[in-house]
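Q: To start, I am sharing the structure in question, which I have written as structure tokens.
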Amino acid sequence: MEIPYTVKPRPDTGLYNGKLGIWLFLASEVMLFGALFSSYVLLRVGAEPGTWSMGLMNITVGAGNTMVLIASSMFVVLAWAELKQGNLSGPWLKPRNWGYTNWKWLTIACAVLFLAVKWSYEWPQKFKHYDIWLNDAAVLHDSFKKGYHETASHSSDKGTKGVSVKEYVEGFYTTRYFKEPSDGSDGSKAKFKDAWDSGTLALSGHINGYEEAMIDVQVGQWDANSKPGVTRDEAKAAVIAAGGDAKQALDGVGLVFPKLDYDKAKRMEYLLKQAGFKVNLSVADYEKVEAHPWFWRTPRVNEDIGGQPRVRSIVLGLDHSHIQDEAGNEVHQEIEIETRHISRLSAYEPKHSTFFGIYYTITGLHAAHVFGGIIVMLYNMLPIGLAMWHKDRERFTNRIETFGLFWHFVDLVWIFLFPILYIL
Amino acid sequence: MSDSHDSPDFLQYLIRLFYMVGGVLVAGTLITVLIDVLFHMPLPMASFIGLSIALVKAGFVVAIFMHYKWDKKLIMITGTMVLTFIFFAGMMGLIMWTEGDVPRLDRAEVHVSWVVAAALLGLVLPASFTFLTIKLLSQPAPVEAAVPKAKRVAKKKKR
Amino acid sequence: MSDKAEEIGTQETVEVQHDEHEEHHAHSFWRTYIFSTDHKIIGMQYGFCGLAFLFFGFCLIATMRWSMAYDGQAIPFVGPLLEALLGNNVAPGGVMSAELYNVFGAMHGTIMVFMGIVPAAFAAFGNYVVPLQIGAVDMAFPRVNMASFWAFFFGCVIMMVSFFIPGGAAQAGWTSYSPLATVIPTDGQTYWLIGMVMLITSSLLGAVNFLATIINMRAPGMTWLRLPFFVWAQFITAFLLLLAFPPLEAAGILQLMDRVLETSFFLPTGLVVGGQDVDVSGGGSPLLWQHLFWFLAHPEVYVLILPGMGIVAEIIANNTRKPIWGYKFLVGSVVVLGFLAFIVWAHHMYMTGMGTVISAFFQTTTLLISIPSVIILTCLLVSLWGGSIRFNTPMLFALAFLPMFGIGGLTGLPLGFNFSDVALHDSYYVIAHFHYVVAPGTIFAIFAGVYYWFPKMTGRKMSEYWGKVHFWSSLIFMNLIFLPMFAQGMAGMSRRMSDGGATYALANPDNADVTVGAFSDTIMGMNVSISAAAWAMLIAQLPFIINLFWSVKHGEKVESDNPWQATTLEWETPTPPPHGNFIKEVKVYRDPYEYSVPGAKKDFSPQSQPAK
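Chains as they are written, first to last, in numbering that gives the first Met the number 0: chain W, 0 to 423; chain H, 0 to 158; chain R, 0 to 611.
Here you go:
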């Protein structure tokens, strides 16, 4: 049994099956991405002023990725055109004689580059980037002054050298959070003033460091009844395993494991409690860590340890605050914020705002399409896929054509995604 | 693409076209970014310009890369895509309309012209669509019509 | 057209020769019956799964009916089983908890619509019959066809597994309205969403395949207006699935993000659950979910009914022994129906605070869409006129379809107007309305199709006697179930109440007969009678199930390939059709329903019989 019209088009419809199928599939894809675009528009139109976090994207990276995808789209159609002329592959050193495989490898390279930029730069960058709302307007204004004094005084905005911090901050907030095109820039300024006065502005930047508690673990009285079934020997073994003096602990003299980091202290607390001891945690000291707190998103970060917070303060490298360090490099001005002043904070992850939610959803779904495309392309480059070329050249060419149609569609989606997510 | 497009001349012409379209797409992206950097304008204006450029780019991708230009006589493709865009526009438009049309106390009655318009839209659109569908499907589609013109262009370029 | 047909015909001849070679290849059991790419096997796989899920979904509602009739009492037989399977906090002492009622309610809808009727009516009959009726050797993409089935299968597995996770399956109704569905504390909703994405993917692959097959694989001479009406119905259905399902897939992905990554696409600002602010960024739109959901779910209604109409048209033409009346009108109506189905969805949302202008628009389109439905029904009714009708089992089911679908359709009109919908919204009236469309409508059509095409699939007929027993009992109990629901709904009984409205009825016991919102004893008593009818209905399906399996081996053998003396192409194949379907070249010379042609020797002239 042979399915008709897999290679030659059917005379009355002018189509071979694969091409018909892929166009129908693309129709459904149009509706899929169309629904997401509709959602984007509806959510954006319905968003309250100041909550659509537009303008936070790195346009350079976005435009670069657009070019990469455009190039891949061109390469894939060139690969098909070479195949149509019967050129399977050519020497890499003579671009004029390139064939299908050369162009296809370039396509794959572009697709991988596109995903790599997303995966290793664009997305992780945002996961480290925070908006921080404070609970005290005075502290907020103080932080702004500390953070932007240097930059504002060197700013050449508005033709004059140096503006006040408030003016400087207003400059980029009104084009960002309060981008209010419908009622013009005046509306944006009024909204900025309200937010400035009430202290509901968010500080925005990368968290570069933090102060974390060093914890003393104090071992209290051993009580056999607190954990039924625990023997004295087991308790002894537990203390020894923890590296302490068992006799001291069991006598209740007050054994202390000093200055442990959070994870170790919590683990020790758990083990000792299991062994039947009373355990008391207290903060001995705070240690400065110069790194991004990846644990920050877990609820435990706010944990109260003996009346002290687990994290006392954070170091925030503010956006739009470029200064020169000693070596002459351009860096962000860093300010320290005490955690007790923070009312809410959030990284640029899906949960942060509806904009980021839909940004990750659409680009994620698009990336999934790119990934699927890479797999199909690799299949068509391997011997198992190329076998079709040696069996039936026209059919293989058709297969590449239909794949090309899919790939161009993926490019097409990005052509619309780039302006709506990065620019408008 | 049909068999008559397999001639080497035409393919050479196509390849040149592909390079050109690639250039146009890159230029379109750059223009979009440049406009954003150079001018600050209200969102409706910016959306119009940004999406227009995107539409032009999309048009080139569909027409040349997806070689729809030479396939548009294939009514199954054209019909499906036209239908898809009608429904996409309907989905987007009607959702927006529904959300925008908030009930108000001062407008309890609907003018009868709305109903007439909706009825006309609802009757005429599907009826003409159905008529067209059945008429088109009742006869075999002409497939080769677009070929000679394209070929002529290709040869002229060659000389 | 004829020379074109000739031209394609020669190509076909070559392929038929290939076919005979291939028959000698023996495939293993797995390749032949499980991972098959043959459209007939896949059709039967779909059919088996679909019918099994229809039965399972019916069992769920039969269990729920106990809770409605005798709230707080242990369910006989099933109760201990539920307690053992799902845990004693879900069904303590065999009594159905309200949560379990919600689980069963949500899953009944999901299973019936997405895992029962779509696979049985669209995928099963479509896969088995459409390629045969258009004279194709197989579907256009056999391997995509297999992928479609297995995507469906895994979607079903995920749905089934969700019953047994802690917290149980989805509880927010088959519509899964946010924010309820998002904040509900069971992972069942997440399973539901993943399962739905699988089912949607399956339907999309299936739809692409059907469309490509019908467009590109028609036999020579099979022009568009010679397609049997069933193929037209499947064609439009496939288009509906192709273009309406992706928005639900998008919505499903968004809700999945809401649940898993805590975004707030469908969660508004200031959402409070259980007296506490929900920890989300807010700014979402609950109505967006409803729009995207109903953008699919209204066309889905036509996905459910159109294949049924197609089956009924085939059977009516065959058993009245005369051409179907107004074939072109049928085709035109079904195309209009498919088109209009996309612009009526918001009539499910009149109660969401919709403005008057837009609601006038949707009322108008909703009322307009009844026109093509009525044309189809009228054509089928008029086809009966003057026919010499054979009252066999498939024909009885097909005949019952007409008035039942009529009741279902006409009772929908009050729901299409927003002023009457305000009173009837979310009441048992709605339930009765759409069940009249899908239960005695589509499901009767599925039964009719099973009885009608069973001889082609197995070479044996199902028992006529038990078929008639099945038909009459089903018809009677079906009406006993759904007719009283109209009364209950108009009395104001709301859907989704696990005690059948008992608590609500107690609200004002002194003046129960006149107070709005309280129910008279008659209305409450209907809960018991409906439940009894439902259980009787369950028993009435046993003859069918036994008949189906028994007849595979022991049914009356058919003496020819065309036992019903039908004109369409599927009866030209050997019985059952081999891999590759046709053993001789197929060409089509005639319209689909040439019965009782004046001057012809026999009272039917098959499509492949050359015209003189």
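Where a beta carbon is used, it is the ideal one built from N, C-alpha and C, also for glycine.
Nothing here was measured: the structure is a model prediction, and the numbers come from that model.
1) List the residues of chain R that Ile374 (chain W) touches, going by C-beta distances under 9 Å, in chain order.
2) From Val551 (chain R) to Pro7 (chain H), what does the alpha carbon distance come to, in whole angstroms?
3) Quick one: residues in its chain with C-beta nearer than 8 Å to the C-beta of Leu16 (chain H), no 5 flanking neighbours on either side, listed in chain order?
4) Would DSSP call Ile74 (chain R) helix, strand or coil?
5) Express the C-alpha separation of Lys350 (chain W) and Met461 (chain R) in angstroms, rounding to a whole number.
6) Where does the unbroken alpha helix (DSSP H) through Asn86 (chain W) begin, and where does it stop?
7) Please tell me whether His140 (chain W) has its Cβ less than 8 Å away from any Cβ of chain R.
8) DSSP on Ile157 (chain R), reduced to helix/strand/coil?
9) To the nearest angstrom, report how far apart Ala223 (chain W) and Arg309 (chain W) are at their CA atoms.
10) May I ask which residues mark the beginning and end of the alpha helix (DSSP H) holding Leu119 (chain H)?
11) Within the stretch 109 to 154 of chain W, note down every full alpha helix (DSSP H) run reaching 4 residues or more, in order along the chain.
12) For Ala599 (chain R), count the other beta carbons within 10 Å of its own beta carbon; 16 or more makes it buried, fewer makes it exposed. Which is it?
13) For the beta strand (DSSP E) holding Leu202 (chain W), just list the boundary residues, first then last.
14) Which residues in chain H have a C-beta closer than 7 Å to the C-beta of Asp410 (chain W)? List them in chain order.
15) Starting from Leu41 (chain W), find everything on chain R with Cβ-Cβ shorter than 7 Å and list it in chain order.
16) If we ignore side chains and look at the alpha-carbon of each, how far apart do Val373 (chain R) and Leu131 (chain R) end up?
17) Quick one: measure Cβ to Cβ for Ala397 (chain R) and Ile315 (chain R), integer angstroms, because I've assumed they're closer than 8 Å.
18) Should His553 (chain R) go down as buried or exposed, given a rule of 16 or more other Cβ atoms within 10 Å for buried?
19) Roughly how many whole angstroms lie between the Cα atoms of Asn391 (chain R) and Arg392 (chain W)?
20) Starting from the beta carbon of Ala117 (chain H), find every residue of chain R whose beta carbon is closer than 7 Å, and list them in chain order.
21) Starting from Pro227 (chain R) and walking both ways along the beta strand (DSSP E), at which residues does that stretch end?
22) To the nearest angstrom, how far is it from the Cα of Leu411 (chain W) to the Cα of Phe405 (chain W)?
23) Using the Cβ count rule (16 or more neighbours within 10 Å means buried), how would you classify Ile342 (chain R)?
24) Taking the Cβ atom as the reference point for each residue, do Phe124 (chain R) and Leu198 (chain R) lie within a distance shorter than 8 Å?
25) In three-state terms, what does DSSP make of Asp318 (chain W)?
26) Tell me whether Ala137 (chain W), by its Cβ, gets closer than 7 Å to a heavy atom of the ligand SAM.
27) For Ile383 (chain W), list the residues DSSP reports as bridge partners.
28) Check whether the Cβ of Leu93 (chain H) lies closer than 8 Å to any Cβ atom in chain R.
29) I need the DSSP call for Gln332 (chain W), collapsed to helix, strand or coil.
30) Can you find a C-beta in chain W that's less than 8 Å from the C-beta of Thr181 (chain R)?
31) Under 8 Å, do Thr362 (chain W) and Leu82 (chain W) count as touching if we go by C-beta distance?
32) Which residue's Cα is closest to the Cα of Ile313 (chain W): W:Gly198, W:Gly85, W:Gly61 and W:Ile341?
33) How would you label Glu558 (chain R), buried or exposed, when you count the other beta carbons within 10 angstroms and need 16 or more for buried?
34) Looking at C-beta atoms only, is the number of pairs between the stretch 484 to 491 of chain R and the stretch 56 to 67 of chain R that lie closer than 8 Å three or more?
35) To the nearest angstrom, how far is the alpha carbon of Val60 (chain H) from that of Arg459 (chain R)?
36) Could you give the distance in angstroms between the alpha-carbon of Ile445 (chain R) and the alpha-carbon of Val6 (chain W)?
A: Inspection of the coordinates gives the following:
1) Those do not exist, as Ile374 (chain W) stays about 15 Å from chain R at its closest Cβ, beyond 9 Å.
2) 59 Å
3) Ile63
4) Looking at Ile74 (chain R) - three-state DSSP - the assignment turns out to be coil, as it is neither helix nor strand.
5) Going by the C-alpha atoms only, they are around 58 Å apart.
6) Per DSSP, Asn86 (chain W) belongs to no alpha helix (DSSP H) and is neither H nor E.
7) no
8) DSSP places Ile157 (chain R) in helix when its eight states are reduced to three.
9) 31 Å
10) Val111 to Ser137
11) Taken in chain order, the whole alpha helix (DSSP H) runs of length 4 or more contained in the stretch 109 to 154 of chain W are 122 to 126 and 136 to 153.
12) So Ala599 (chain R) counts as exposed.
13) Ala201 to Trp221
14) Val60
15) Ser284 and Leu287
16) 29 Å
17) 5 Å
18) exposed
19) 54 Å
20) Ala359, Phe360, Thr363 and Thr364
21) Where Pro227 (chain R) is concerned, there is no enclosing beta strand (DSSP E), given that its DSSP letter is neither H nor E.
22) 10 Å
23) buried
24) no
25) Per DSSP, reduced to three states, the secondary structure at Asp318 (chain W) is strand.
26) Ligands are entirely absent from the displayed structure, and the ligand SAM is therefore not among its contents.
27) DSSP output for Ile383 (chain W) lists no bridge partner at all.
28) Chain R, which has a Cβ nearer than 8 Å to the Cβ of Leu93 (chain H), makes this yes.
29) Gln332 (chain W) sits in a strand when the DSSP states are folded into three classes.
30) no
31) no
32) W:Ile341
33) The residue in question, Glu558 (chain R), is exposed, as its Cβ has fewer than 16 Cβ neighbours within 10 Å.
34) When C-beta atoms of the stretch 484 to 491 of chain R are compared with those of the stretch 56 to 67 of chain R, fewer than three pairs fall below 8 Å, so the two segments do not count as touching.
35) 55 Å
36) CA-to-CA, the gap between Ile445 (chain R) and Val6 (chain W) works out to about 37 Å.
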